[in-house]
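Asks:
In the working numbering, the protein residues as written are 1487 to 1674.
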């Protein structure tokens, strides 16, 4: 976790210094570029901190579930919109399919965190020009959301460990190994 916070903060500090110099030189193009990079790195740090706080709440059982009627399809669209910029950077297409407006009783914040973690994870492990599909289906009184991607998949040797806190595989150089663990804990 420290590694995933320290590196972006060091980079943010470096870009902040460069932005100050660009501002002194009145180079607005560079100021915009550096401020955009600072924003993106700050968002990355915010995701790490958010997952860490959720994981901590789950461990201490200090979270409160606040069920309400949620329009799930709209929530999925919001999560896709939040991740559109990152997906576009890798030329990844995000596709939503399903049954129109689907209403569920759930904790909006918790379901958003789960969807955000799963979509972020899919983007991270999907190669450039890939596809991530999010499907929402209803059967009887249950709703199922399926997220698939054109990434490499998970090696059979790691399948039983992917929900363990802080577990990452070789090559997973971004992330704390908390996203899937937090998502699993919330759903459970």
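Ideal placement from N, C-alpha and C gives every residue a C-beta, glycine not left out.
Run through the segment 1575-1613 for me and flag every whole beta strand (DSSP E) of 3 or more residues, listed as ranges in chain order.
Replies: 1579-1584 and 1589-1593, all fully within the segment 1575-1613.
Asks: Cα-Cα, which of 1585, 1570 and 1584 is closest to residue 1578?
Replies: Start at 1 with the first residue of the chain shown, and residue 1578 comes out as number 92. When only C-alpha atoms are compared, the closest one is 1570.
Asks: Hey, how far is the Cα of residue 1583 from the Cα of residue 1629?
Replies: For the purposes of this step, residue 1583 is taken as the residue at position 97 of the chain shown. For the purposes of this step, residue 1629 is taken as the residue at position 143 of the chain shown. Each residue's Cα considered, the two are about 13 Å apart.
Asks: Taking a contact to mean a Cβ-Cβ separation below 9 Å, would you say residue 1588 touches residue 1558 in this structure?
Replies: As a working note, residue 1588 is residue 102 in the chain shown. As a working note, residue 1558 is residue 72 in the chain shown. Contact flag set, yes.
Asks: Using beta-carbon positions only, say whether residue 1581 and residue 1620 come within less than 9 Å of one another.
Replies: For the purposes of this step, residue 1581 is taken as the residue at position 95 of the chain shown. For the purposes of this step, residue 1620 is taken as the residue at position 134 of the chain shown. Yes, these two residues count as a Cβ contact at 9 Å.
Asks: Would you kindly check if the distance between the Cβ of residue 1536 and the Cβ of residue 1498 is under 9 Å?
Replies: In the chain shown, counting from the first residue as 1, residue 1498 sits at position 12. In the chain shown, counting from the first residue as 1, residue 1536 sits at position 50. Cβ distance not < 9 Å, so residue 1498 and residue 1536 don't count as in contact.
Asks: Can you list, in chain order, the residues of its chain with a C-beta nearer than 7 Å to that of residue 1592? Leave out the 5 residues immediately preceding and following it.
Replies: Position 106 of the chain shown holds residue 1592. Taken in chain order, the residues that qualify are 1553 and 1556.
Asks: For residue 1673, report the span of its alpha helix (DSSP H) as first-last.
Replies: As a first step, residue 1673 is located in the chain shown; it is residue number 187 there, counting from the start. That run of the alpha helix (DSSP H) goes 1665-1673.
Asks: Return helix, strand or coil for residue 1526, following the three-state DSSP convention.
Replies: The count along the chain shown starts at 1 and reaches residue 1526 at position 40. DSSP places residue 1526 in helix when its eight states are reduced to three.
Asks: Out of curiosity, what's the CA-to-CA distance linking residue 1634 and residue 1502?
Replies: Here residue 1634 refers to the residue found at position 148 of the chain shown. Here residue 1502 refers to the residue found at position 16 of the chain shown. The alpha-carbon atoms of residue 1634 and residue 1502 are separated by roughly 37 Å.
Asks: Please classify residue 1666 as buried or exposed, where buried requires at least 16 other C-beta atoms within 10 Å of its C-beta.
Replies: Numbered from its first residue, the chain shown carries residue 1666 at position 180. Its Cβ being crowded by 16 or more others within 10 Å, residue 1666 is buried.
Asks: Confirm, please, whether the CB-CB distance from residue 1639 to residue 1680 is below 9 Å.
Replies: The structure shown does not extend to residue 1680, since the chain is modelled only from 1487 through 1674, so no value can be given for it.
Asks: Check residue 1630 in the structure and name its three-state DSSP category.
Replies: By one-based count along the chain shown, residue 1630 stands at place 144. Here residue 1630 sits in strand by DSSP.
Asks: Within a Cβ cutoff of 7 Å, which residues of the same chain sit near residue 1653, ignoring the five residues on either side of it in sequence?
Replies: Mapped onto the chain shown, residue 1653 falls at position 167. Closer than 7 Å at Cβ, skipping near neighbours: 1647 and 1663.
Asks: For residue 1613 and residue 1572, I'd like the C-alpha separation in whole angstroms.
Replies: In the chain shown, counting from the first residue as 1, residue 1613 sits at position 127. In the chain shown, counting from the first residue as 1, residue 1572 sits at position 86. Their backbone Cα atoms lie some 12 Å apart in a straight line.
Asks: Can the beta-carbon of residue 1504 be found less than 9 Å from the beta-carbon of residue 1520?
Replies: Along the chain shown, one-based indexing puts residue 1504 at 18. Along the chain shown, one-based indexing puts residue 1520 at 34. In this structure, residue 1520 lies closer than 9 Å to residue 1504 by Cβ.
Asks: So what does DSSP say about residue 1551, is it helix, strand or coil?
Replies: Numbered from 1 along the chain shown, position 65 holds the residue referred to as residue 1551. The answer is coil: DSSP assigns residue 1551 none of H, G, I, E or B.
Asks: Given a cut-off of 9 Å, decide if residue 1598 and residue 1650 are closer than it, judged by their beta-carbon atoms.
Replies: Numbered from its first residue, the chain shown carries residue 1650 at position 164. Numbered from its first residue, the chain shown carries residue 1598 at position 112. In this structure, residue 1598 does not lie closer than 9 Å to residue 1650 by Cβ.
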